[in-house]
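Here the structure comes first, spelled out in structure tokens, and everything after it is commentary.
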Amino acid sequence: MCIDIVVVDDDPGFRRIATTLLTARGLRVVAESRDGASALAAVREHRPRGLLLDLHLPDLDGLSLARQLAQEDAPPRIVLTSTDRSLWSREELETAGIACFVAKDKLADVDLRGLFTSTTT
């Protein structure tokens with residue numbers, strides 16, 4: 029089963045790394061976005077199963093974008109990522125429509141495929 033993912037990060041280098049990691053795990057990156065506006069458009073166009081979302085974007089923060097996407101029909105499963113290790117409770121993340129948080133420096137160490145297919149966090 030192919031799992032379509034949109035990668036959202038303002039750093040093109042990180043988008044490239046994330047795309048490589050996701051593809052190596054058997055996921056298909058259908059779009060990359062550098063800000064919230066283009067991410068929203070990409071989700072509406074591609075209807076991905078998952079979204080790898082940076083917390084800090086030039087036009088809005090990842091939590092705000094996640095809240096917007098949660099209002100969409102069939103929202104994607106959102107994995108929030110950042111270098112900022114602020115701690116959020118599971119409840120805070122779920123309220124924003126986020127499945128889980130993974131620090132950017134730990135992305136290579138987690139089961140990315142599992143994060144986008146799991147029904148629990």
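Following the working numbering, the numbering of the sequence shown begins with 29 at its first residue and continues without gaps.
Built from N, CA and C at the ideal position, the CB exists for glycine as well.
Quick caveat: nothing in here was measured; it's all calculated off a predicted structure.
- When only Cα atoms are considered, ASP39 and ARG62 end up about 7 angstroms apart.
- Minimum Cα-Cα distance from PRO104 among the listed residues SER92, PRO76 and VAL130 corresponds to PRO76.
- DSSP places SER66 inside the alpha helix (DSSP H), whose first and last residues are 64-74.
- Counting of Cβ neighbours within 10 angstroms places ALA102 among the exposed residues, the total staying below 16.
- When the beta-carbon positions are compared, LEU93 and LEU81 come within less than 9 angstroms of each other.
- With respect to the 9 angstroms criterion, LEU49 and LEU135 are classified as neighbours on the basis of their beta carbons.
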